[in-house]
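Q: Residue numbers (the numbering used here), protein chains in the order written: chain A, 4 to 362; chain B, 4 to 362.
There are 2 protein chains.
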Amino acid sequence: MSYFFLDEYEHMESYVPGEMPKDREYLKLNANESSYPPSPKVLEAMNSTEVKSMAHYSDPHCMELRKAIGEEYGFPAEQVFVGNGADEVLGFCMMSFFKPGMKVCFPDITYDFYRTYATTYRLNFVQFPLKKDLSIDVEDYVHTDRDVILANPNNPTGKAIPVSDIERIVAQDPKRMVIIDEAYVDYGNESCVDLVRKYSNLVVIQTFSKSRNMPGARIGFAISSADIISDMNKIKFAFNPFNMSTLAIVGGAAAIQDKDYFHRCINEVERVREMFEDALEDMGFGVIRTTTNFAFFHCPDVPAKVLCRELKKSGILVRHYSDQRINEYLRITIGTEEEMKQVLLKLGEIREKQYDRAC
Amino acid sequence: MSYFFLDEYEHMESYVPGEMPKDREYLKLNANESSYPPSPKVLEAMNSTEVKSMAHYSDPHCMELRKAIGEEYGFPAEQVFVGNGADEVLGFCMMSFFKPGMKVCFPDITYDFYRTYATTYRLNFVQFPLKKDLSIDVEDYVHTDRDVILANPNNPTGKAIPVSDIERIVAQDPKRMVIIDEAYVDYGNESCVDLVRKYSNLVVIQTFSKSRNMPGARIGFAISSADIISDMNKIKFAFNPFNMSTLAIVGGAAAIQDKDYFHRCINEVERVREMFEDALEDMGFGVIRTTTNFAFFHCPDVPAKVLCRELKKSGILVRHYSDQRINEYLRITIGTEEEMKQVLLKLGEIREKQYDRAC
């Protein structure tokens, strides 16, 4: 730590990204990345002569991308904020509206980054425990005076909250900000984005890193009231006015516009996920069915930690959590059909080997 | 403004980017962008199959780019921080080390963004006036107890500070942070980056938006002590862990590695700048000679505001400042030889027309 580092960060808890080992080729199913490339139209847009030159500054207002997103969801560009990934969008949201000591809540088991952010910026936060079935207790979030951050569907449990429940939380108090992180919403869930038309205390965040197949391009967005988006842009202009590259702006717009490709990829992920979950159940695994691009399951006879380690040895990365309430589960990204069949084969082999060892 | 926007931002002054009108095609010489494309190796790297897929998250540690920059300047990657443009790098620097009320100083005439940042985040700042010749008074910065931010060379005056003077400022007090923004350093100036080996209170910031010809790609970096860089990374990991896209990481590394192209472009800018400045002087303009990719000059017989407006009418954008001390000057980016000859022609025509009108 340098002499200059601010004292207030002493309570910060570092965010630990999923492992990215380079010692060999892995089938990377630990970060919910896509096994499909972005739309060919994205590459086409990024390769246009004007963009390739990169000789001009990008548009600090990112209008082309904000317009494309707005048109897709039925909002004017003034209600759309874009950033380098959903994390940056959340970061600008926090920077604009949250200061040390402010009261916020989120689940005890959810995307780690909320806790990282809350500890670093010294928010007064509570983490409401998930219920036994690993879903959230909606009443916790309705009957609190705290601002709310919820991932819907939740990660890593894959459990979704109905929009009617989100509305109850949002409607309870217009002076309480509710941030809904819809990173995984496109895989068969209803978005709550339409509630933005009715409530001015709701911020809906989405990402291009999951259903748009382009985590490497770093694009996320928020849809909210024009006032909230304008505030976030004021802060962005004071922190990093030209935050997004021209490549991200035009590539993102092209991705949004290619609806056909978007739906085809999602349908394929959903099809493979169901096939994979069915097969896991047939093999006797306990499966929490999700509406995301990942599966969440536990094995009746091999500890999740061992399963995770053995899968890694055989070249497959999955996510295991140390939290006691879910440490018997594994989270695995849905890859292609072929990839998931390979995983099923490996899972069978590992169980057999462990069984032999136990005998 | 929304109900939720934090009160503390009431004093913020918005940053106003240079105009980007879309009503017609302009020769854009108002933002110190390059008239040359990035190295062909950048496009090659960005087009590699692995990168084009964008299907995986970018490396949150941005090691490939940090290593390439480190190798170029003789530092390990641990002493290099990278961000989406020099503004973001400065933003993370401020977020890590500066809090409301902290004392900082910078010139009264310099890159506007420092003041935007300082007002938004409520720093206690003073702006030391430039001397009559528009250079900084080094003694102001040596004999102050404030942290220091200096653009070297300064923008928009183009005046450079010798490294020996920077060293006096840095050496004066190791408990004072000195941030040197070297956006324009490559056009014939000496970088102070080697002082980082000797002093742990110096942060040197550079950008790929000028001498690397890629403002649209959004890449900037800082070189400092390993402790300072580690602190900035801690904050980055709490705000936006995967801040840079894969395209920026590999494209940036390729740009750094193509030294030959880098030097050829710089030599050309310097050659054209000298030709342009000589011609301006021959025409009777007052020229403050710079070591940057822009020229800074005033016209003896046409007000700068009129000149700026008339140039715009004829399709050429340049920068005019409202600040009374420099409002008789224009800043113009050095384009290609052909572009600058076109500018000289237009300048001659405008003066003639204004002269006719005055008669």
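Glycine included, each C-beta is placed from N, C-alpha and C at the ideal position.
Across the segment 151-158 of chain B and the segment 175-188 of chain B, are there enough close Cβ pairs to call them in contact, namely three or more that are closer than 8 Å?
A: yes
Q: Using only the alpha-carbon positions, how far apart do residue 233 of chain A and residue 239 of chain A sit?
A: 10 Å
Q: Using 8 Å as the Cβ pair cut-off and three pairs as the minimum, do the segment 98-114 of chain B and the segment 257-264 of chain B touch?
A: no
Q: Between residue 315 of chain A and chain B, is the shortest Cβ-Cβ distance under 7 Å, so that the two count as touching?
A: no
Q: Please list the terminal residues of the continuous beta strand (DSSP E) segment that includes residue 127 of chain B.
A: 127-131
Q: Below 7 Å on C-beta distance, what does residue 123 of chain A contact in chain B?
A: 241
Q: Using beta carbons (cut-off 7 Å, strictly below), is residue 223 of chain B in contact with chain A?
A: no
Q: Which residues, in chain order, does the segment 40-61 of chain A contribute to contact with chain B at a C-beta distance below 9 Å?
A: Of all residues in the segment 40-61 of chain A, the ones placed with a Cβ closer than 9 Å to any Cβ belonging to chain B are 40, 41, 45, 46, 49, 50, 54, 55, 56, 57, 58, 59, 60 and 61, in chain order.
Q: For residue 322 of chain B, count neighbouring Cβ atoms within 10 angstroms of its own Cβ and tell me buried if that reaches 16, exposed if not.
A: buried
Q: Can you tell which of A:326, A:328, A:333 and A:329 has its C-alpha closest to the C-alpha of residue 320 of chain A?
A: The candidate whose alpha carbon is nearest that of residue 320 of chain A is A:333.
Q: Using the Cα positions of residue 37 of chain A and residue 279 of chain A, report the straight-line distance between them to the nearest angstrom.
A: 16 Å
Q: Is any heavy atom of the ligand COA found at a distance shorter than 6 Å from the C-beta of residue 164 of chain A?
A: Among the components of this structure there are no ligands whatsoever, and the ligand COA is therefore not found.
Q: When you compare only the Cα positions, how much space is there between residue 168 of chain A and residue 245 of chain B?
A: 32 Å
Q: With distances taken between CB atoms, is the gap from residue 219 of chain A to residue 89 of chain A smaller than 7 Å?
A: Pairing residue 219 of chain A with residue 89 of chain A gives a Cβ-Cβ distance that is not under 7 Å.
Q: Report the residue from B:331, B:163, B:157 and B:204 whose alpha carbon sits nearest the alpha carbon of residue 311 of chain B.
A: Closest by C-alpha distance to residue 311 of chain B, out of B:331, B:163, B:157 and B:204, is B:331.
Q: Using a Cβ-Cβ cutoff of 8 Å, what residues of the segment 188-221 of chain A are near chain B? List them in chain order.
A: 203, 204, 212, 216, 217, 218, 219, 220 and 221
Q: Going by alpha carbons, who is nearest to residue 39 of chain A out of B:51, B:57, B:31 and B:149?
A: B:57
Q: Taking C-beta pairs closer than 9 Å, name the residues in chain B that residue 246 of chain A reaches, listed in chain order.
A: The contact set of residue 246 of chain A on chain B, defined by CB atoms closer than 9 Å, consists of 87, 88, 90, 91 and 221 in chain order.
Q: Which chain A residues are close to residue 231 of chain B, counting only those with a beta carbon under 7 Å from its beta carbon?
A: Within chain A, 5 and 7 have C-beta atoms less than 7 Å from the C-beta of residue 231 of chain B, given in sequence order.
Q: If contact is defined by three or more beta carbon pairs under 8 Å, each pair taking one atom from either stretch, is the segment 281-301 of chain B in contact with the segment 81-101 of chain B?
A: no
Q: Which one of A:215, A:54 and A:287 has the shortest CA to CA distance from residue 72 of chain A?
A: A:215
Q: To which residues of the same chain is residue 141 of chain B closer than 6 Å at the C-beta, ignoring the five residues directly before and after it?
A: 168
Q: For residue 161 of chain A and residue 190 of chain B, I'd like the C-alpha separation in whole angstroms.
A: 54 Å
Q: Determine the contact status of residue 112 of chain A and residue 145 of chain A, defining contact as a CB-CB distance below 7 Å.
A: no
Q: Of the residues B:261, B:336 and B:124, which one's Cα is nearest the Cα of residue 11 of chain B?
A: B:124
Q: Compare the Cα-Cα distances from residue 217 of chain B to each of A:55, A:23, A:16 and A:15 and report the closest residue.
A: A:55
Q: Distance, Cα to Cα, residue 158 of chain A vs residue 93 of chain B?
A: 33 Å
Q: Could you run through the segment 11-38 of chain B and flag, in chain order, every residue whose CB is less than 9 Å away from some CB of chain A?
A: Listed in chain order, the positions of the segment 11-38 of chain B with a beta carbon within less than 9 Å of a beta carbon of chain A are 11, 12, 15, 16, 17, 18, 19, 20, 21, 23, 31, 34, 36, 37 and 38.
Q: For residue 230 of chain B, which residues from the same chain have a beta carbon less than 8 Å from its beta carbon, with the 5 sequence-adjacent residues on both sides left out?
A: Result list for residue 230 of chain B: 203, in chain order.
Q: With DSSP as the reference, please indicate the residues paired to residue 59 of chain B in a beta bridge.
A: Looking at the DSSP assignment, residue 59 of chain B forms no beta bridge with any residue, so it has no partner.
Q: For residue 207 of chain A, which beta-bridge partners are listed by DSSP?
A: Among the bridge pairs identified by DSSP, residue 207 of chain A is matched with A:183 and A:226.
Q: Beta-carbon separation of residue 336 of chain A and residue 163 of chain A under 7 Å?
A: no
Q: For residue 363 of chain B, count the other beta carbons within 10 Å of its own beta carbon; 16 or more makes it buried, fewer makes it exposed. Which is it?
A: Lying outside 4 to 362, the shown extent of chain B, residue 363 of chain B is not represented and no answer is given.
Q: Please decide whether residue 68 of chain A counts as near chain B, where near means a Cβ-Cβ distance under 7 Å.
A: no
Q: Exposed or buried, residue 16 of chain A, counting other C-beta atoms within 10 Å across all chains shown (16 or more means buried)?
A: exposed
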